[in-house]
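Sequential numbering of the sequence shown, starting at 286, is according to this note's numbering.
We treat Cβ as the ideally placed atom computed from N, Cα and C, and that holds for glycine.
Notes follow once the structure below has been shown.
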Amino acid sequence: MHHLCQSTKGRAQTMLKPGKQWKSMCKGLILGTLLTSCMILLYSYTMPPRQYNSQEIPVPFSCSSSKRARSRSVSRANGSLLAGTGAARAICSPKVDIMFMKTHKTGSSTILNILFRFGQKHGLKFAFPNGRNDFYYPSRFDRSHVKGYRPGTCFNVICNHMRFNYEEVRKILPEDSIFFTILRDPADLFESSLHYFGRVIPLTWTMGSEDKLGEFLRDPWRHYDPNGFNAHYLKNLLFFDFGFDNNLSPEDPRVLGGIRAIDERFHLVMLLEHFDESLVLLKELLCWDFEDILYFKLNVRKDSTVSRMTGELYRQATEWNAIDALLYRHFNSTFWAKVERYGRERMARDVAELRKVNDAMRSVCIAGGRAVDASAIQEASLKPWQPLGERSIMGYNLKTNISKKERKLCRKMLTPEIQYLTELGVNLWLTKLWARVRDLLKW
286 MHHLCQSTKG
296 RAQTMLKPGK
306 QWKSMCKGLI
316 LGTLLTSCMI
326 LLYSYTMPPR
336 QYNSQEIPVP
346 FSCSSSKRAR
356 SRSVSRANGS
366 LLAGTGAARA
376 ICSPKVDIMF
386 MKTHKTGSST
396 ILNILFRFGQ
406 KHGLKFAFPN
416 GRNDFYYPSR
426 FDRSHVKGYR
436 PGTCFNVICN
446 HMRFNYEEVR
456 KILPEDSIFF
466 TILRDPADLF
476 ESSLHYFGRV
486 IPLTWTMGSE
496 DKLGEFLRDP
506 WRHYDPNGFN
516 AHYLKNLLFF
526 DFGFDNNLSP
536 EDPRVLGGIR
546 AIDERFHLVM
556 LLEHFDESLV
566 LLKELLCWDF
576 EDILYFKLNV
586 RKDSTVSRMT
596 GELYRQATEW
606 NAIDALLYRH
616 FNSTFWAKVE
626 RYGRERMARD
636 VAELRKVNDA
646 MRSVCIAGGR
656 AVDASAIQEA
666 SLKPWQPLGE
676 RSIMGYNLKT
686 NISKKERKLC
696 RKMLTPEIQY
706 LTELGVNLWL
716 TKLWARVRDL
726 LKW
């Protein structure tokens, strides 16, 4: 009897522990929900919408200036750039009026760093958001979101996160602007999005398994509601980012219409899986030099936090994001058609050159020559933004024994998005307030 009482008491004690854990979790979720709601209200009232007269001052044909970016001589034949001697010489001017559609979890922060450096170097005017680091995402972009916008105001570059709205973007950029963006394999993007945004999507809070990817994909509709808060991160995120309905059936004609619209509006669609080849194509499109497209990978996750995609999981993730899969398949085809026109051998040479110069910069700039865990980053100015409740995004330490000139470039190449925006004069009071709340609550 004594042993039975002890056994019963032991079971009762073990039953209390999960209860306490659930109580603690519920408190955290309630507090998180309240704070998130407050942040959303602040987001909503940061800048009231403006009404514009239909008789607006048109944006100039071009905001560029010959003083900002010098023309350079390049080899051209039959309308495309060619390498080697004997090709006809022509003059092209570096493009400075640019729209980069920054998609989520696609390596786009690395491209943002390239654009920030080029813009600083040539004195370009950026269209920036006000108070935060995105244009009121997930709301569709409106020109009233741009800090300092007035009808007829001319901007060179717009590149922060937005939900794309072509008609509104066109009203703040010159007619000769170059539009480009980047995509990623939808299955891998879904895995990354679930990891990064999972804690701000209430639909996923009921998932108890450590293998959240597998649990979600086994029964997606159990954890997904098209009208749920932040649910867009869980299905066809690319299609949503471009301003379309991510919950359409893949057979809906509006899906093909959306893909065609993207194809018509964007001069180049890059692929994360072929990042260096993409940058070479971008360099040609913009008439830039190799030094303009140097980069270090930013916002890279620790390998230990990446869910391994089995063949079945990959198939399920692709099927769940069927619209994004159609989008990716289409632009994978157009991408390689561009590579063919560029020339396979020439592409191989240019990619090798880019990697050689990047490796040289890595040896000059980065202490240890590689990315380190967030806890090992020594300077606060080089610490990247982390997903809620995680420290999975890696960063870099800057070498100390380098020249002043090298240090300036190295620091720019290693600076994360939030810190770089601050350096460019963007008022990020709302983003910083949220960061302080997170630090206070140790999120």
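Spatial distance of residue i from residue j (CA atoms)
{"i": "Ser462", "j": "Arg448", "result": "19 Å"}
{"i": "Phe464", "j": "Gly493", "result": "42 Å"}
{"i": "Leu706", "j": "His508", "result": "35 Å"}
{"i": "Ala472", "j": "Asp382", "result": "33 Å"}
{"i": "Thr331", "j": "Asn445", "result": "Confidence at Thr331 is low in this model, with a pLDDT of 49, below 50, so its placement is unreliable and no value can be given for it."}
{"i": "Leu673", "j": "Asn418", "result": "16 Å"}
{"i": "Leu414", "j": "Leu715", "result": "A quick correction: the sequence has Pro, not Leu, at residue 414. Straight-line Cα distance between these residues: approximately 11 Å."}
{"i": "Arg696", "j": "Ser677", "result": "22 Å"}
{"i": "Arg539", "j": "Val485", "result": "29 Å"}
{"i": "Val431", "j": "Glu630", "result": "43 Å"}
{"i": "Ile396", "j": "Leu519", "result": "24 Å"}
{"i": "His559", "j": "Glu460", "result": "29 Å"}
{"i": "Gly408", "j": "Val711", "result": "15 Å"}
{"i": "Gln671", "j": "Arg402", "result": "23 Å"}
{"i": "Ala546", "j": "Arg455", "result": "14 Å"}
{"i": "Ala656", "j": "Arg586", "result": "10 Å"}
{"i": "Gly313", "j": "Ala645", "result": "Note that Gly313 scores a pLDDT of 48, beneath 50, so its modelled location is shaky; the value from the coordinates is reported in the next line. Near 47 Å, if we compare the C-alpha coordinates of Ala645 and Gly313."}
{"i": "Val442", "j": "Gly416", "result": "18 Å"}
{"i": "Ile399", "j": "Thr590", "result": "27 Å"}
{"i": "Thr685", "j": "Gln663", "result": "12 Å"}
{"i": "Thr388", "j": "Gly653", "result": "31 Å"}
{"i": "Gly483", "j": "Gly596", "result": "23 Å"}
{"i": "Gly369", "j": "Lys568", "result": "Low per-residue confidence applies at Gly369: pLDDT is 36, beneath 50, and the placement is therefore not dependable, though the value from the model is reported in the following sentence. One C-alpha to the other measures close to 17 Å."}
{"i": "Leu713", "j": "Glu549", "result": "34 Å"}
{"i": "Leu718", "j": "Ala637", "result": "43 Å"}
{"i": "Met698", "j": "Arg647", "result": "10 Å"}
{"i": "Ala622", "j": "Asp635", "result": "17 Å"}
{"i": "Asp574", "j": "Lys690", "result": "19 Å"}
{"i": "Arg361", "j": "Arg626", "result": "Caution applies to Arg361, whose pLDDT of 38 falls short of 50 and renders its modelled position unreliable; the model cannot decide the point."}
Buried versus exposed call for residue i [16 or more other C-beta atoms within 10 Å across all chains shown]
{"i": "Ser393", "result": "buried"}
{"i": "Asp588", "result": "exposed"}
{"i": "Asp658", "result": "exposed"}
{"i": "Ala633", "result": "exposed"}
{"i": "Gly433", "result": "exposed"}
{"i": "Gly404", "result": "buried"}
{"i": "Asp577", "result": "buried"}
{"i": "Leu564", "result": "buried"}
{"i": "Asp537", "result": "exposed"}
{"i": "Leu709", "result": "exposed"}
{"i": "Glu562", "result": "buried"}
{"i": "Gly543", "result": "buried"}
{"i": "Ser351", "result": "Only weak support is given to the placement of Ser351: the predicted model assigns it a pLDDT of 39, under 50, and the question is left unresolved by the model."}
Beta-carbon proximity check, residue i vs residue j, cutoff 9 Å
{"i": "Ala516", "j": "Leu479", "result": "no"}
{"i": "Gly747", "j": "Leu694", "result": "Past the boundaries of the shown model lies residue 747; the chain is included only from 286 to 728, so the question cannot be answered."}
{"i": "Leu566", "j": "Val624", "result": "yes"}
{"i": "Glu453", "j": "Arg435", "result": "no"}
{"i": "Thr466", "j": "Phe385", "result": "yes"}
{"i": "Leu553", "j": "Arg469", "result": "no"}
{"i": "Cys650", "j": "Ile703", "result": "no"}
{"i": "Pro379", "j": "Leu571", "result": "yes"}
{"i": "Glu476", "j": "Ala602", "result": "yes"}
{"i": "Ala661", "j": "Asn682", "result": "yes"}
{"i": "Leu474", "j": "Leu541", "result": "no"}
{"i": "Ile376", "j": "Ala412", "result": "no"}
{"i": "Trp605", "j": "Pro505", "result": "yes"}
{"i": "Phe524", "j": "Asp609", "result": "yes"}
{"i": "Lys410", "j": "Phe440", "result": "yes"}
Contact test: residue i Cβ vs the ligand MG heavy atom, cutoff 8 Å
{"i": "Asn584", "result": "Within the structure as shown, the ligand MG is missing, as the structure has no ligands at all."}
On the three-pair Cβ rule with 8 Å, is the region 612–624 touching the region 505–519?
-> Contact between the region 612–624 and the region 505–519 is absent: fewer than three C-beta pairs spanning the two stretches fall below 8 Å.
Going along the chain, which unbroken runs of the alpha helix (DSSP H) with 4 or more residues stay wholly within the region 607–631?
-> Taken in chain order, the whole alpha helix (DSSP H) runs of length 4 or more contained in the region 607–631 are 607–627.
Three or more C-beta pairs closer than 8 Å, one from the region 420–435 and one from the region 493–511: is that the case here?
-> Verdict: no, contact absent.
Do three or more CB pairs link the region 525–534 to the region 616–627 at distances below 8 Å?
-> The region 525–534 is not in contact with the region 616–627.
Can you find at least 3 beta carbon pairs, one from the region 520–528 and one from the region 449–458, that sit closer than 8 Å?
-> Taking a contact to require three or more Cβ pairs closer than 8 Å, the region 520–528 and the region 449–458 qualify as touching.
Mind the definition here: the region 571–584 touches the region 385–401 only if three or more C-beta pairs lie below 8 Å; say whether that holds.
-> Judged by Cβ distances under 8 Å, the region 571–584 makes contact with the region 385–401, as three or more pairs qualify.
Ignoring anything shorter than 3 residues or poking outside the region 553–607, list the beta strand (DSSP E) runs there in chain order.
-> Correct list: 553–556.
Only counting runs of 3 or more residues, tell me where the beta strand (DSSP E) segments fall wholly within the region 427–481, in order along the chain.
-> Whole beta strand (DSSP E) segments, 3+ residues: 463–468.
Curious, which full-length alpha helix (DSSP H) runs of at least 4 residues does the region 496–522 contain?
-> Within the region 496–522, complete alpha helix (DSSP H) segments of at least 4 residues are found at 497–503, given in chain order.
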